[in-house]
Ligand code: SF4
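Residue numbers (our numbering): 149 to 637.
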């Protein structure tokens, strides 16, 4: 399998995986390549062009700052989110870039970094060109941020498309059964379920077999629990911020801190019996408000949709496993009363299952809002969360596939139209709504036996086709939908 679970969940910063994390990684990679070729010390100038959706909404998504940070050697996994603003301000003020954190080159942010508002590159809606002048010659790289923080060069993209076509050609010929110790291959949901049946494995167990090609079980478990710890910390941070307004000029208020106070107030009583739902809303809002403010985030599978899986995991941890409401954050796993300690096994099962579903989306359609609209971001995350929860609730592979299908089906056609190019409206609230939808999808699937009319593969293919038909103004360009009907002020 080309993709692993940790490709679907990575630690980075907000507000966007494709528009912030991806461009930063592309810049880091370019500088590393110069360094590996022994050229870093001979660079005379650097220029960057952002195209397509990156050009159209790059400012609102912080793509320009991300590129400057990446060229300066900062990486999304390890940087201090608070360090980006001052670094970018310094580059703009001094007209100098500290390339790879190693050497200074002149850099005019007005002319050396260009956002092409109406021009696209051929490979993907999120295109970039980075070039360096070295010894009077030009070294240029064309690359694409294809969603979820993934970055590929033009050459890699072409090779990937070729390989995917080759896999489609041979898919019917292979027996589909992995040997002991080998990866168990699947490229569709039908194949995934069939492989689970053939090997008598759950989806999470099958994924664990495949992950052994990359790392041992212990390391995988640690990495997944680290992801969970960052998710919990993110929820905690979002619930405890004192700033009231999100950055970007839209004047969108943070809701999570106030909602948390309300829910924790002794006198608060929800009308009806939907307490858990209110907390799920809180968890999702907290994560996406952190994302909107450039905070530390787990891309899951994108940043715009980063609140859904943490919200549903918190629901599982608090209301299914049973520690009750709260948002204490990533405290020591051994601490008395730690909300996560009892549920580590369930977290691992959840993330492995969700990862398997995410691979199907990435393999057979897209998780990029710029490519297929918000159905690819929020729809994918909703399906992944529904699948993860269903597995933890005891669902069979068939029921898990059903849960994922329900989670996607009712997000089909969802457009991407962020107001002001910011990942705030409709994104933040949309995550809360989709989190509740994911829980409902898992519960609906648990009431059936896994047999259902629309398969997950059919829903994913429908998403792909719908995305292909969707006008570009609904694909992360902020030229249609809410983006043109909501007045920015
Ligand atoms: S509308 Fe959806 S796809 Fe578009 S930026 Fe917001 S969350 Fe991402």
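From the three backbone atoms N, C-alpha and C, an ideal C-beta is built for every residue, glycine too.
Give the secondary structure of residue 334 by DSSP, where H, G and I count as helix, E and B as strand, and everything else as coil. Look at residue 334 here: in three-state DSSP terms it is coil, with no helix or strand label.
Euclidean distance between Cα positions of residue 215 and residue 353: Using only the alpha carbons, I get a separation of about 39 Å.
Comparing the CB of residue 566 with every heavy atom of the ligand SF4, is any distance shorter than 7 Å? Under cutoff, so the answer is yes.
Are the Cβ atoms of residue 170 and residue 514 separated by less than 8 Å? Pairing residue 170 with residue 514 gives a Cβ-Cβ distance that is not under 8 Å.
Return the Cβ separation of residue 211 and residue 227 in integer angstroms, given the expectation that the two are a contact with Cβ distance under 8 Å. Residue 211 to residue 227, Cβ: 16 Å. No contact.
May I ask whether a heavy atom of the ligand SF4 can be found less than 7 Å away from the beta carbon of residue 458? For residue 458, the distance from the CB to the nearest heavy atom of the ligand SF4 is not below 7 Å.
So, helix, strand or coil for residue 412, using DSSP? In the structure shown, residue 412 sits in a helix (DSSP, three-state: H, G or I).
Considering only residues of the segment 177-254, which uninterrupted beta strand (DSSP E) runs meet the minimum length of 3 residues and lie entirely inside it, listed in chain order? The qualifying runs are 191-200, 244-247, 251-254.
Residue 276, DSSP secondary structure in three states: Three-state DSSP puts residue 276 in a strand.
I want to know whether the segment 507-527 touches the segment 439-457 - three or more CB-CB distances under 8 Å. Enough Cβ pairs lie closer than 8 Å, so yes.
Integer Cβ distance of residue 508 from residue 337, believed to fall under 8 Å: Going by Cβ atoms, the distance from residue 508 to residue 337 rounds to 6 Å, so yes, they are a contact pair.
Contact set for residue 201: own chain, Cβ-Cβ below 6 Å, skip 5 residues either direction: Result list for residue 201: 273, 274, 518, 624, 625, in chain order.
Contact the segment 180-195 vs the segment 588-607: 3+ CB pairs below 8 Å: In this structure the segment 180-195 does not touch the segment 588-607; the number of beta carbon pairs closer than 8 Å is below three.
To which residues of the same chain is residue 340 closer than 8 Å at the C-beta, ignoring the five residues directly before and after it? Excluding residues up to 5 positions away in sequence, 334, 351, 354, 504, 508, 545, 549 lie with their Cβ nearer than 8 Å to the Cβ of residue 340 in the same chain.
Taking 8 Å as the cut-off, decide whether the C-beta atoms of residue 593 and residue 538 are in contact. It is a contact, given that the beta carbons lie within the stated cut-off.
I'd like the list of long-range same chain contacts for residue 376, defined as Cβ closer than 6 Å, with 5 residues on each side in sequence excluded. Only 495 meet the Cβ criterion.
Does DSSP put residue 144 in a helix, in a strand, or in coil? Limits of the chain in this structure are 149 at one end and 637 at the other, which puts residue 144 out of reach.
Boundaries (first-last residue) of the beta strand (DSSP E) holding residue 161: Start and end: 158-161.
Buried/exposed call for residue 270, threshold 16 Cβ in 10 Å: Exposed, by the Cβ-count rule.
Proximal residues to residue 181 (C-beta, below 8 Å), its chain only, five neighbours per side dropped: The answer, listed in chain order, is 289.
With DSSP as the reference, please indicate the residues paired to residue 514 in a beta bridge. None, per the DSSP bridge assignment.
Suppose the cutoff is 6 Å on Cβ atoms and the five residues either side in sequence are ignored; what does the same chain contact list for residue 256 look like? The answer, listed in chain order, is 243.
Do you know how far the Cα of residue 547 is from the Cα of residue 463? For residue 463 and residue 547, the gap between their C-alpha atoms comes out near 19 Å.
Going by alpha carbons, who is nearest to residue 616 out of 521, 584, 629, 525? Here the closest residue by C-alpha is 521.
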